[in-house]
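Residue numbers (this note's numbering): 129 to 701.
What follows is a single structure, written as C-alpha cells, with notes after it.
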C-alpha cells in the first residue's frame, strides 16, 4: 500500500535536505528517539512544504499548499471546537459517501484520525497541508461558521473554552442552565461575551452590578446597547474570571485596578484593556477591545476631505512645531496620529512615541509606555527621549504644564511634536494650553495647527433609505435644498436590517475641523482671547466646522442628518 522508500531517501532525492543534515538527524533519532521529520524541522534542515510533499509521496496522500475555507462543509465542523481543531491541526473538508476528506498537518497522528472517525462516523482520508496555511484555513472556516450560524462561544483561543451549541438564543442562558455556581458555565459565558463582541464590532464591554441584577452592555459604533442580564448570583464569579484573565488581584475589591488580556478570536489578535472600579453594588468592569489587525494606518484611507488631508500631509512634513489633535475619549485621535506617523515613517527619520498605553505596535518606531507607579510620566518620558536625537516625537496626551512646556521646548529646538488634548473643538486647544500656564507667545510661536475630530456612524449600505429632507432639517446642518439638488435631489436616513443589527448603521467615519495658524489667530492668542473669538477668525479664513464637515458626509450618502446633529454641537461663530 505505501511506498517502501524511507522518508530521508525521498527528501534527498528531492534535493530538499543535505546528506549531512539527514545523518545528524538520524544520529539524534538513535540517541533520543523522535520522528525524523520533526527532528529535521527542529534543526531547520528542511522546509515544512518539502516535508509535506515527501510524506505525501511516502504515504500515498494528496498534498495541498492551501485550503479555500469557503469550500469547507460547515456541517462537518459543527461538532468540533476551534481550539481542538487548531491544537490537532485538522480540518474536515467534505464528505464522499462513508469517507470524509480531512486536511491534516501530520498524517501519522492516528489518535486524531481515530477521534474524527468516532465523532463524524466516517472514514477519514487525509490530505496533507503545511501548518500555517492549515491554521489560516481553520480560523477562516470557523469564522465563516460563526457568521452563518450565529454561534456564540466558538472561536475563542488562548483562554479556556467549553463548546456551546449554536442554537442558544441569549448568552445569559449559558448560566441559567446550571443550578449551582459551577466554574465551567462562567468561563463559557465570559468567552461568549468576547466572541459576540468581536462579531458585532464592539469597542467596549461594560459589566455593571445593580442591586438585584447584573447588566452587560456593548458600545457599538459609539452607542451603548444592553446585551445580557446574567443572574446576580454569578456576579462575583464573572468578575473574578475576568480579573484572573487580566492578571489582577481578585482579592482586592476596594481599589480600582487596570490590566490587559490578549486573546485570539477567529484568527484576529484582540487586545483587551480591563479597568475595574468599586461601586455601590459591587465592582464594575469596563473592557476596551482593540483589534490589532484592523488598525487603519493610511491617511489616504481615512475619508478626510481633500483639503484637510492635503493640509495634514503638509503639516506632517514640517521640520518642527506642534500639531495637536483634539476631541473626547474614543473619537479616533490616536488612529489619526498613528496614520500621520506612518505617512512620514521613512528610514531617514527617527520617530519616538510616549503613550499611555501603547495601543498598536508601529514598525520602525520606538514606543514608550508611561508607568506612573515607577515615576515614568509623559513629562519624564518625553524629557528622556529628547536625549535620543529624535526628528519626530508623539506625546500621547498633554495633561499638565510640565509636559506642555517640554513639548513646546522640543518644538522650538527643531523637533516636530504630535500630541492630543481633550477639548471640544480646534480653537479650544490654544486656550487650554494657556489655561495650563503656558505663556501665550510660546503657544503662538510653536503650535502649527489643531485638528478637532469626532466619529459618526456610517449608514448601512444594505438598508439606507433615500428621502427629501425639509428645509428646516437642512438648515440645522447649514445646508439648503439647492445643495441637495446638486447631489441628486435626496439624501439618506437610517432604516435597519439584519446586516446592521437593525440599527441602520454599520461602522464609523471621522469628521474633522482643521485650524491652521495664521497671523490673525496668532495675534488673538497673544491677547489671550477666548476660544469663540479665535474660532470666528479661523472661519473667516475658510475653516469648516465639525458640523460643516458632517454635512458634506450627509450629501455624500455616508451618514444621516440625525447622526451629524448627535455628535456635533453648534458653537458660537
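For glycine and all other residues, C-beta sits at the position ideal for the given N, C-alpha and C.
Bear in mind the structure is a predicted one, so any value in this text is a computation, not a measurement.
Extent of the continuous alpha helix (DSSP H) to which residue i belongs
{"i": "residue 438", "result": "434-444"}
{"i": "residue 506", "result": "506-513"}
{"i": "residue 496", "result": "No alpha helix (DSSP H) contains residue 496, which is instead part of the beta strand (DSSP E) from 494-497."}
{"i": "residue 157", "result": "147-160"}
{"i": "residue 647", "result": "647-654"}
{"i": "residue 178", "result": "176-187"}
Cβ shell of residue i (< 8 Å), same chain only, five flanking positions each side left out
{"i": "residue 139", "result": "145, 150, 168, 174, 178, 179, 182"}
{"i": "residue 694", "result": "584"}
{"i": "residue 690", "result": "621, 622"}
{"i": "residue 411", "result": "337, 367, 381, 404, 405"}
{"i": "residue 428", "result": "437"}
{"i": "residue 602", "result": "608, 609, 611, 612, 689"}
{"i": "residue 303", "result": "Residue placement at residue 303 is flagged as unreliable, the pLDDT there being 48, under the threshold of 50; a coordinate-derived value is accordingly withheld."}
{"i": "residue 230", "result": "218, 219, 220, 221, 241, 244, 252, 253, 254, 255"}
Beta-carbon proximity check, residue i vs residue j, cutoff 8 Å
{"i": "residue 687", "j": "residue 584", "result": "yes"}
{"i": "residue 437", "j": "residue 469", "result": "no"}
{"i": "residue 143", "j": "residue 164", "result": "no"}
{"i": "residue 248", "j": "residue 232", "result": "no"}
{"i": "residue 579", "j": "residue 680", "result": "no"}
{"i": "residue 643", "j": "residue 555", "result": "yes"}
{"i": "residue 653", "j": "residue 558", "result": "yes"}
{"i": "residue 478", "j": "residue 447", "result": "no"}
{"i": "residue 618", "j": "residue 596", "result": "yes"}
{"i": "residue 241", "j": "residue 220", "result": "no"}
{"i": "residue 513", "j": "residue 502", "result": "no"}
{"i": "residue 566", "j": "residue 532", "result": "yes"}
{"i": "residue 205", "j": "residue 269", "result": "yes"}
{"i": "residue 349", "j": "residue 633", "result": "yes"}
{"i": "residue 201", "j": "residue 171", "result": "no"}
{"i": "residue 345", "j": "residue 354", "result": "yes"}
{"i": "residue 528", "j": "residue 659", "result": "no"}
Limits of the beta strand (DSSP E) - the one that residue i falls within
{"i": "residue 642", "result": "633-644"}
{"i": "residue 523", "result": "520-523"}
{"i": "residue 396", "result": "396-405"}
{"i": "residue 450", "result": "449-454"}
{"i": "residue 257", "result": "Taken as a continuous stretch (DSSP letters only), residue 257 belongs to no beta strand (DSSP E), as it is neither H nor E."}
{"i": "residue 688", "result": "Premise fails: residue 688 is in no beta strand (DSSP E) and is neither H nor E."}
{"i": "residue 333", "result": "330-337"}
{"i": "residue 546", "result": "544-549"}
{"i": "residue 669", "result": "Per DSSP, residue 669 belongs to no beta strand (DSSP E) and is neither H nor E."}
{"i": "residue 415", "result": "412-419"}
Whole-number beta carbon distance between residue j and residue i, since they are thought to touch under 8 Å
{"i": "residue 401", "j": "residue 388", "result": "6 Å"}
{"i": "residue 627", "j": "residue 590", "result": "5 Å"}
{"i": "residue 314", "j": "residue 369", "result": "5 Å"}
{"i": "residue 414", "j": "residue 332", "result": "6 Å"}
{"i": "residue 383", "j": "residue 363", "result": "Incorrect: roughly 18 Å between the Cβ atoms, too far for contact."}
{"i": "residue 266", "j": "residue 213", "result": "5 Å"}
{"i": "residue 668", "j": "residue 637", "result": "With 8 Å as the limit, residue 668 and residue 637 do not qualify as a contact, their Cβ atoms being about 28 Å apart."}
{"i": "residue 433", "j": "residue 677", "result": "6 Å"}
{"i": "residue 493", "j": "residue 481", "result": "6 Å"}
{"i": "residue 398", "j": "residue 425", "result": "Their Cβ separation, rounded to whole angstroms, is 18 Å, which puts residue 398 and residue 425 out of contact at 8 Å."}
Neighbour-count burial assignment, residue i, 16 or more Cβ in a 10 Å radius
{"i": "residue 506", "result": "buried"}
{"i": "residue 148", "result": "exposed"}
{"i": "residue 352", "result": "exposed"}
{"i": "residue 672", "result": "buried"}
{"i": "residue 318", "result": "buried"}
{"i": "residue 83", "result": "Missing from the structure shown is residue 83; the chain here goes from 129 to 701 and no further."}
{"i": "residue 600", "result": "exposed"}
{"i": "residue 574", "result": "buried"}
{"i": "residue 474", "result": "exposed"}
{"i": "residue 594", "result": "exposed"}
{"i": "residue 197", "result": "buried"}
Neighbourhood of residue i by C-beta, 7 Å cutoff - its chain only, sequence neighbours within 5 removed
{"i": "residue 570", "result": "536"}
{"i": "residue 217", "result": "232, 233, 234, 259, 262"}
{"i": "residue 443", "result": "451, 576, 577"}
{"i": "residue 378", "result": "368, 371, 372"}
{"i": "residue 696", "result": "582, 674, 675, 678"}
{"i": "residue 560", "result": "549, 551"}
{"i": "residue 385", "result": "376, 377, 404"}
{"i": "residue 568", "result": "562, 653, 654, 656"}
{"i": "residue 409", "result": "337, 338, 339"}
Cβ shell of residue i (< 6 Å), same chain only, five flanking positions each side left out
{"i": "residue 548", "result": "453, 461, 525"}
{"i": "residue 631", "result": "none"}
{"i": "residue 306", "result": "With a pLDDT of 43 at residue 306, under the threshold of 50, the predicted position of this residue should be treated as unreliable, though the coordinate-derived value follows. Excluding positions up to five away in sequence, the list reads 313."}
{"i": "residue 683", "result": "615"}
{"i": "residue 288", "result": "Note on residue 288: pLDDT 33, under 50, position unreliable in the model; the coordinate value appears next. Closer than 6 Å at the Cβ level, and outside the excluded window around residue 288, lie 315."}
The ligand SAM heavy atom lying under 7 Å from the CB of residue i
{"i": "residue 151", "result": "What this structure holds is no ligand at all, so the ligand SAM is not there to describe."}
Residue-chain proximity (residue i, chain C), Cβ-Cβ < 8 Å
{"i": "residue 471", "result": "The structure shown contains no chain C; it is built from a single protein chain."}
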